[in-house]
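Each position in the sequence shown, counted from 1, maps to that position plus 195 in the working numbering.
Note that the Cβ used here is the ideal one computed from N, Cα and C, for glycine as well.
Because the structure is a prediction, the values reported are computed rather than measured.
Single-structure report; data block below.
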Amino acid sequence: MPRIAGKAKTRKAVAKRFKVTGSGKVLRRKQGKRHLLQCKNRKRKRHLGKVTLVSDADIKNVKENLPFA
Numbered sequence: 196m197p198r199i200a201g202k203a204k205t206r207k208a209v210a211k212r213f214k215v216t217g218s219g220k221v222l223r224r225k226q227g228k229r230h231l232l233q234c235k236n237r238k239r240k241r242h243l244g245k246v247t248l249v250s251d252a253d254i255k256n257v258k259e260n261l262p263f264a
């Protein structure tokens with residue numbers, strides 16, 4: 196019998212944390228807005244709420260876990 200390659204599966208933990216745009220860029224949420232917020236100023240908390248791009252060093256690892264994105 197011929198050997199069949201494994202089925203590509205999406206890593207669900209990665210799918211919940213990252214989003215791939217139409218042009219192939221990977222978006223993520225910023226860390227630091229869960230607790231200890233009283234010592235962070237309003238501007239800092241506001242900017243932590245926005246999404247940002249994943250660094251070039253990490254894009255390959257994220258996309259390997261999202262085979263259909």
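- Counting the other Cβ atoms within 10 Å of the Cβ of Phe263 gives fewer than 16, which makes it exposed.
- Rounded to whole angstroms, the separation of the alpha carbons of Ser250 and Gln233 is 29 Å.
- For the pair Lys258 and Leu248, the Cα-to-Cα distance works out to about 13 Å.
- Val246 counts as exposed, since fewer than 16 other C-beta atoms from the protein chains shown sit within 10 angstroms of its C-beta.
- Per DSSP, the beta-bridge partners of Arg223 are Phe213 and Thr247.
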